[in-house]
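Q: For what it's worth, our numbering labels the leading residue of the sequence shown as 92, then goes sequentially.
Note that CB positions come from ideal geometry on N, CA and C, so glycine has one too.
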Amino acid sequence: MVEVRIYPIYFNRGIKRSQGRKVPFSSNSKPVTLQQLLKALIQLKIEYKVETKQHPKHSYALCAECLPAATKPEEVERLFSTTGGSVMITTDSKRQLIKEINDLLSTNK
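#1: Report, in whole angstroms, the separation of the C-beta atoms of Val178 and Val123, which I expect to be a contact under 8 Å.
#2: Applying the 10 Å Cβ sphere with the 16-neighbour rule, what's the burial state of Ile133?
#3: Starting from Lys140, trace the alpha helix (DSSP H) both ways and give me its first and last residue.
#4: Quick check: what's the CA-CA separation for Val93 versus Thr181?
#5: Consult DSSP for Thr182 and reduce its assignment to one of helix, strand or coil.
#6: Measuring CA to CA, which of Lys185, Thr173, Ser197 is closest to Ile97?
#7: If you follow the alpha helix (DSSP H) that Ile133 is part of, which residue opens it and which one closes it?
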């Protein structure tokens, strides 16, 4: 068992893999917030610890790309603040954990 850090950006289906996504691409999906990630972990009965660490590729500009062009700066700021952060989890397989979380998030949308 190893400790792994999971970021909401892993489940953002609207960005490129090179920007941090770890799930299949979908053209019209909203970014996953930290709260949605926490709800999924609770449903999976997985113990976690919330951290304030941001993914290195998570940026204000990346959040702006996920929203329509006419979006107000306040909305971009709100998205930036709700999609940041991370959770620390102890697991055998990070890849399998990401798959399970993604499956649950996909069914909840």
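A: In brief:
#1: Counted from its first residue, the sequence shown places residue 178 at position 87. Counted from its first residue, the sequence shown places residue 123 at position 32. Val178 to Val123, Cβ: 12 Å. No contact.
#2: The count along the sequence shown starts at 1 and reaches residue 133 at position 42. With fewer than 16 other Cβ atoms within 10 Å, it is exposed.
#3: For the purposes of this step, residue 140 is taken as the residue at position 49 of the sequence shown. Taken as a continuous stretch (DSSP letters only), Lys140 belongs to no alpha helix (DSSP H), being part of the beta strand (DSSP E) at 140–142.
#4: Residue numbering aside, residue 93 sits at position 2 when the sequence shown is read from its first letter. Residue numbering aside, residue 181 sits at position 90 when the sequence shown is read from its first letter. Roughly 5 Å separates the two Cα atoms.
#5: Along the sequence shown, read from residue 1 onward, the residue named residue 182 stands at position 91. If DSSP states are grouped into helix, strand and coil, Thr182 belongs with the strands.
#6: For the purposes of this step, residue 97 is identified with residue 6 of the sequence shown, where counting begins at 1. Cα-wise, what sits closest to Ile97 is Lys185.
#7: Counting from 1 along the sequence shown, the entry for residue 133 is found at position 42. 125–134 is the span of the alpha helix (DSSP H), which, as asked, contains Ile133.
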